[in-house]
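Numbering (my numbering), first residue to last: 5 to 343.
The beta carbon of each residue, even a glycine, is placed where N, CA and C say it ideally should be.
Reading through the structure tokens given below for one structure.
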Amino acid sequence: MTGPAHMERKTRNIGDGNFISAVTTAIRDLRAGGGAELNPVSKDFRLDGKTCLVTGANSGLGKAVAADLARRGGKLIVACRPGHASIRDEIRRMSGSDAVEMMAVDLADLASVHRFCDRLAERGIRIDIAVMNAGLMTRHAKKSAQGFEMMFAVHFLANRVMVDRWLGDGIIQLGNQTGAVPRIVFISSESHRSSDGIDFETPGAFTEFGIRECMRYYGLSKLALCTYATELSRRLNPDVRVDCAVHSMCPGGVATNIARDAPKWLRPLVVPVLRRFFQSPAEAAKPVIYLCCTEEAGGSTGLYLHMMRRKSVSPQAADPENGARLWRASEPMLVRPGE
Numbered sequence: 005m006t007g008p009a010h011m012e013r014k015t016r017n018i019g020d021g022n023f024i025s026a027v028t029t030a031i032r033d034l035r036a037g038g039g040a041e042l043n044p045v046s047k048d049f050r051l052d053g054k055t056c057l058v059t060g061a062n063s064g065l066g067k068a069v070a071a072d073l074a075r076r077g078g079k080l081i082v083a084c085r086p087g088h089a090s091i092r093d094e095i096r097r098m099s100g101s102d103a104v105e106m107m108a109v110d111l112a113d114l115a116s117v118h119r120f121c122d123r124l125a126e127r128g129i130r131i132d133i134a135v136m137n138a139g140l141m142t143r144h145a146k147k148s149a150q151g152f153e154m155m156f157a158v159h160f161l162a163n164r165v166m167v168d169r170w171l172g173d174g175i176i177q178l179g180n181q182t183g184a185v186p187r188i189v190f191i192s193s194e195s196h197r198s199s200d201g202i203d204f205e206t207p208g209a210f211t212e213f214g215i216r217e218c219m220r221y222y223g224l225s226k227l228a229l230c231t232y233a234t235e236l237s238r239r240l241n242p243d244v245r246v247d248c249a250v251h252s253m254c255p256g257g258v259a260t261n262i263a264r265d266a267p268k269w270l271r272p273l274v275v276p277v278l279r280r281f282f283q284s285p286a287e288a289a290k291p292v293i294y295l296c297c298t299e300e301a302g303g304s305t306g307l308y309l310h311m312m313r314r315k316s317v318s319p320q321a322a323d324p325e326n327g328a329r330l331w332r333a334s335e336p337m338l339v340r341p342g343e
């Protein structure tokens, strides 16, 4: 398969538009009829004794999810970029729980990701619920520390490295005879329904692009994430028994600081639109909490939610051949930089 920059354009999907089309699509989805299919988790549901980790919990959806899990009694690790030490005390105030700690990690630098995993392993931490939330949208092409396209590095590659390390180091332990099944929840996007396919020959290779193509590359990074989540679910649960519940979801439009990624001239318009039409982070957190807490999500694997409705991932993400190819193509990238 040739690289995405050279592929013939066919149908247009949500992952092929620009920033404005992404906003309008999100508004359309939020206003679409049909309502929620799933019921929110009761506020009384508890997670006492569970260790939860949320990446990108310094703002928006991640912060809301972290506060909710801590409020339910979960022992919280918030993994954020360096420079956000105050978020620990903020989530403690929001949740009323002191069982919150912040650990710094830069997901755009695989050396930082490996050091973060080292610290977890050295402390003997065991994660019961991992919410892989951290994300970004760049207006133009940026390189990660190792030279990959930045969104691919953060949305897919860092997550693959972390999960691989956690499984290998025993930080996540597959379900045992006591029925303790860990959960991994990937925050993806409907933009994974990109009409471009993954370049399996050089996945994540840096290519110059500008604002007109930022959503295209964002969608490709989320396609890689959904393809990986589906393949991980298959590999960790080859039999009927669920040993690790692996799910992915799109929260829908969320009124967060995504406006910082909009063109400067658009921000005065975008900010009030987001506040008026998009969900609050607390509302958008409901499907994430559903996947973290409910019996259905703990006893099954491979669910995909779009807001509070079950949905199937795209055919590209569901294809076992694509999952196997992405798995093989990304394996060489898991090595600690410098080794």
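Residues near residue i by beta carbon distance below 6 Å, same chain, minus five either side
{"i": "Gly306", "result": "Ser237"}
{"i": "Leu338", "result": "Val165, Asp168"}
{"i": "Met136", "result": "Thr59, Asn163, Phe190"}
{"i": "Gly214", "result": "His144"}
{"i": "Leu295", "result": "Val189, His251, Ala301"}
{"i": "Asn241", "result": "Asp247, Thr305"}
{"i": "Arg85", "result": "Asp110"}
Whether residue i touches residue j by CB criterion (8 Å)
{"i": "Arg130", "j": "Thr55", "result": "yes"}
{"i": "Val230", "j": "Met141", "result": "Position check: residue 230 holds Cys in this sequence, whereas Val was assumed. No, they are not a contact pair."}
{"i": "Tyr222", "j": "Met154", "result": "no"}
{"i": "Gly60", "j": "Ala138", "result": "yes"}
{"i": "Met253", "j": "Val189", "result": "yes"}
{"i": "Pro285", "j": "Leu65", "result": "yes"}
{"i": "Pro207", "j": "Ala333", "result": "yes"}
{"i": "Thr211", "j": "Ala115", "result": "no"}
{"i": "Leu57", "j": "Ile81", "result": "yes"}
{"i": "Leu224", "j": "Ile191", "result": "no"}
{"i": "Tyr232", "j": "Leu309", "result": "no"}
{"i": "Leu344", "j": "Val158", "result": "This structure leaves residue 344 out entirely; the chain is present only between 5 and 343."}
{"i": "Ser198", "j": "Arg220", "result": "yes"}
{"i": "Met106", "j": "His88", "result": "yes"}
{"i": "Val109", "j": "Val117", "result": "yes"}
{"i": "Phe120", "j": "Ala83", "result": "yes"}
{"i": "Ala184", "j": "His251", "result": "no"}
Residue burial classification, residue i (beta-carbon count within 10 angstroms, cutoff 16)
{"i": "Arg92", "result": "buried"}
{"i": "Glu287", "result": "buried"}
{"i": "Asp102", "result": "exposed"}
{"i": "Gly100", "result": "exposed"}
{"i": "Asn43", "result": "exposed"}
{"i": "Arg123", "result": "exposed"}
{"i": "Asp243", "result": "exposed"}
{"i": "Gly257", "result": "buried"}
{"i": "Gly172", "result": "exposed"}
{"i": "Arg245", "result": "exposed"}
{"i": "Lys79", "result": "buried"}
{"i": "Asn321", "result": "Strictly speaking, residue 321 in this sequence is Ala, with Asn absent from that position. Looking at its Cβ environment, which holds 16 or more other Cβ atoms inside 10 Å, Ala321 is buried."}
{"i": "Gly53", "result": "exposed"}
{"i": "Ser318", "result": "buried"}
{"i": "Gly327", "result": "buried"}
{"i": "Ser195", "result": "buried"}
{"i": "Lys67", "result": "buried"}
Neighbourhood of residue i by C-beta, 8 Å cutoff - its chain only, sequence neighbours within 5 removed
{"i": "Pro186", "result": "Ile131, Asp132, Ile133, Ala134, Ile176, Gln177, Leu178, Gly179, Cys248, Ala249"}
{"i": "Pro297", "result": "Here the sequence assigns Cys to residue 297, which means Pro is not the residue at that position. These residues qualify, in order along the chain: Val45, Phe49, Leu51, Arg76."}
{"i": "Pro255", "result": "Leu65, Ile191, Gln283, Ala288, Ala289, Pro291, Val292, Met311"}
{"i": "Glu41", "result": "Met312, Arg313, Arg314"}
{"i": "Trp170", "result": "Cys121, Leu124, Ile131, Ala134, Ile176"}
{"i": "Pro324", "result": "Glu235, Arg238"}
Own chain, CB closer than 7 Å to residue i, minus 5 neighbours either side, in chain order
{"i": "Gly151", "result": "Phe210"}
{"i": "Phe204", "result": "Met5, Arg329, Leu330, Ala333"}
{"i": "Gly303", "result": "Val246"}
{"i": "Ala70", "result": "Val58, Ala61, Leu80, Val82, Ile95"}
Complete runs of the beta strand (DSSP E) confined to the segment 168-221 [at least 3 residues]: 187-191
Alpha helix (DSSP H) runs wholly inside the segment 50-102, at least 4 long, in chain order: 64-75, 91-99
Beta strand (DSSP E) runs contained entirely in the segment 91-162, provided each spans 3 or more residues: 104-108, 133-136
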